[in-house]
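**Q** Before I ask anything, let me first share the structure, which is written out below as structure tokens.
Below you can see the structure in the form of structure tokens.
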């Protein structure tokens, strides 16, 4: 029977061997955290390697994702479908073992980590999802949602500002099943952190409302085990276990130094390390008794079978709840009648023709969709009254009652977006969260991570342009919409009125393969007349809103608040004898995915005189209008003044748009 040291040393050996073979990587963290990982995974982690998607598994997040060989070693050794051949291909093209853990590559990787601090934020989201699902579905004697979220994080995660945001909220929400392990090794890339990181981390987390276990020897299995027991016994607070470790543990000349953080140890040092650890096996060789000590397949199968029996009893006692749990959590399906009911609401919205801000139209849509979608978990970064993300059925989550469907995130835009990603990854919810479009900048990297992981996070951004008005250029987005549109796998909508807003929400809710950004106005928008066919075409991202007989002389492309400007300008141009087509393009990303025939029908190559108009940066639009076209947009920051005055000042007027088209037509 292999000893605990042997089991931990298997992680160290695999990590240093894979990094050495790849000629790049980070051996220090895996070697330093191997003892903690061994105790957690072998004694506590509830998971089934044969079914990585078992819904009541514990979640494990490696926030310090540069230590990815720790994760890959754990998955391989415990029995996941990650063969040794993949470890030998660490950091190579198309391997399941990329340089940082990536969701969707290796089975058992719960989230993509690497941008430091976001892993712990995702873990907070997973713990929020667990607590909320438990409050919504568990009944007396039937705890079908009952699992922990474990997270490893290092000094870098602690220094990143997002860790402050999410740790503060986690304490407020009393996430008792969140247990974080702080790898306190005192080393970062530039060396010993005491020159730039002297926080009293235990006191900091105590101030957040966490249960803190300080000064645990991260190389003493008994001490680690005692700390985990104490953490699991605390049900009202998240726990931080502060583990003193030695980075690169076992390396005679490099342990405890930045030398082993982000570079291979070297063949000579690896040989010395093997001797010091008493590990006499060849590279990538794991003895049978070590494999046996790590194998979690039979234990995992038993745990899942036990849960299946619990769920069968739950189904017998609460059949309606069980059916809803299967739909939402196990299958991740929308209600069968959602599409039809959503389409009916869209038709009704078009018939009403209300002149309202698209942020208000968004709230109206939430009031219609919310009762159909108990999986919606909303929120706002302290702007609910401005973003209009609260709907009539909202109930806030609290530490004492997590059965609601709305999270007051406070002024934590980055934390909000990353927590949403964790909620989406966990399953059982469709998260949406809101802020002003300008403050997308604070959340930017988490928005990108949602797109990278293809998660269904819905980002609501209101106050979409210089129409924001008096708050001035600090609050007026210019380049942000282009940034969002250019993010791979992110669908960005900027609706022209209430109908397009409802279609945008339906698209976001139905989309399962990536995130959506919904960009809404502060100011009221004129309703647009449409045929049923035009309403149907909104979902294609771009469509002909107004047309002429025969081939048009020019095409005007517009989005959002500028669609009504385009229509008014078209009327004036038509009166002057020009044939004009107006194209509304609320989601360029979806329009670009349409087949060539449809795109040609909307923007025919034969019609080159094109003008785009949008109260955002001009540079995005050249691919649609061509270098010989024109763009009425922004190339500077805004100003502080009433929105209408700014629109006129920056040229968003009928006269300017008409003049631009006429200049193009010669």
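In this note's numbering, the protein residues as written are 4 to 669. All residues carry an ideal CB built from backbone N, CA and C; glycine is no exception.
1. Considering only C-alpha positions, which residue in the set 578, 359, 338, 544 is nearest to residue 598?
2. Does the distance from the CB of residue 158 to the CB of residue 245 come in under 8 Å?
3. Which stretch, first to last residue, makes up the alpha helix (DSSP H) that contains residue 227?
4. Verify whether the separation of the beta carbon atoms of residue 490 and residue 449 is less than 8 Å.
5. Would you decide whether residue 87 is buried or exposed? Buried here means 16 or more other CB atoms lie within 10 Å of its CB.
6. What does DSSP give as the partner residues of residue 205 in its beta bridges?
7. Quick check on the DSSP output: what are the complete alpha helix (DSSP H) runs of length 4 or more inside the region 438–507, in order along the chain?
8. Compute the distance between the beta-carbons of residue 521 and residue 500, then report whether it is under 8 Å.
9. Figure out for me which residue from 115, 368, 25, 434 has the closest Cα to the Cα of residue 268.
10. Report the residue ranges of all beta strand (DSSP E) runs contained in full by the region 362–411; include only those spanning at least 3 residues, in chain order.
11. What did DSSP end up calling residue 588 once you bin it into helix, strand or coil?
12. On a Cα-Cα basis, can you pick out the residue from 367, 153, 146 that is closest to residue 128?
13. Give me the Cα-Cα distance between residue 235 and residue 510, rounded to the nearest whole angstrom.
14. Suppose you measure from the CA of residue 261 to the CA of residue 125; what does that come to, to the nearest Å?
15. Candidates 564, 659, 602, 19: which alpha carbon is nearest residue 287's?
16. Please decide whether residue 258 counts as near chain D, where near means a Cβ-Cβ distance under 8 Å.
17. Helix, strand or coil: how does DSSP classify residue 322 here?
18. Check for me: the beta strand (DSSP E) holding residue 186 runs from which residue to which?
19. Which residue marks the beginning of the beta strand (DSSP E) containing residue 636, and which one marks its end?
20. Is DSSP giving residue 33 helix, strand or coil here?
21. Does the distance from the CB of residue 567 to the CB of residue 559 come in under 8 Å?
22. Is the CB-CB distance between residue 479 and residue 641 below 8 Å?
23. What are the boundary residues of the beta strand (DSSP E) that residue 247 is part of?
24. Check whether the Cβ atoms of residue 397 and residue 412 sit closer than 8 Å, and answer yes or no.
25. In chain order, which continuous runs of the beta strand (DSSP E) of length 3 or greater are located wholly inside the region 236–302?
26. Check this for me: beta carbons of residue 178 and residue 131, under 8 Å apart or not?
27. Of the residues 139, 93, 57, which one's Cα is nearest the Cα of residue 113?
28. Using 8 Å as the cut-off, can you tell me whether the region 430–450 makes contact with the region 328–336, which would need three or more C-beta pairs spanning the two stretches below that distance?
29. May I ask you to list the residues that DSSP assigns as paired with residue 618?
30. Starting from residue 662 and walking both ways along the alpha helix (DSSP H), at which residues does that stretch end?
31. So what does DSSP say about residue 309, is it helix, strand or coil?
**A** Looking at the atomic coordinates:
1. The option with the nearest alpha carbon to residue 598 is 544.
2. No. Outside cutoff.
3. Per DSSP, residue 227 belongs to the alpha helix (DSSP H) from 224–236.
4. No, the pair does not count as a contact, with Cβ atoms beyond the cut-off.
5. Exposed, since its Cβ has fewer than 16 Cβ neighbours within 10 Å.
6. None; residue 205 has no bridge partner.
7. Fully enclosed alpha helix (DSSP H) runs of 4 or longer: 443–456, 483–488.
8. No Cβ-Cβ contact shorter than 8 Å links residue 521 with residue 500.
9. Taking only the C-alpha atoms, the option nearest residue 268 is 25.
10. DSSP runs (the beta strand (DSSP E)) wholly in the region 362–411: 379–383, 409–411.
11. Assignment of residue 588 by DSSP, reduced to helix, strand and coil, places it in the coil class.
12. The residue from 367, 153, 146 with its alpha-carbon nearest to that of residue 128 is 153.
13. Computed Cα separation, rounded: 41 Å.
14. Between the C-alpha atoms of residue 261 and residue 125 there is a straight-line separation of about 27 Å.
15. Comparing Cα-Cα distances from residue 287 to each of 564, 659, 602, 19, the minimum goes to 19.
16. Given the protein chain composition of this structure (a single chain), no chain D is represented.
17. Three-state result, residue 322: helix.
18. Its beta strand (DSSP E) spans residues 181–187.
19. Its beta strand (DSSP E) spans residues 633–637.
20. Under the three-state reduction of DSSP output, residue 33 falls in the helix class.
21. Cβ atoms of residue 567 and residue 559: not closer than 8 Å.
22. Yes, the Cβ-Cβ distance between residue 479 and residue 641 is below 8 Å.
23. Here the beta strand (DSSP E) through residue 247 covers 242–247.
24. Against a cut-off of 8 Å, the Cβ pair of residue 412 and residue 397 comes out as no contact.
25. As summarised for the region 236–302, the continuous beta strand (DSSP E) elements at least 3 residues long and confined to that stretch are 242–247, given in chain order.
26. Yes. Within cutoff.
27. Measuring from the Cα of residue 113, the nearest candidate turns out to be 57.
28. Contact holds between the region 430–450 and the region 328–336, because three or more Cβ pairs, one in each stretch, are under 8 Å apart.
29. BP columns for residue 618 are empty, so no partner.
30. Looking at the DSSP string, the run of the alpha helix (DSSP H) that includes residue 662 is 657–668.
31. For residue 309, the secondary structure class from DSSP, reduced to helix, strand or coil, is helix.
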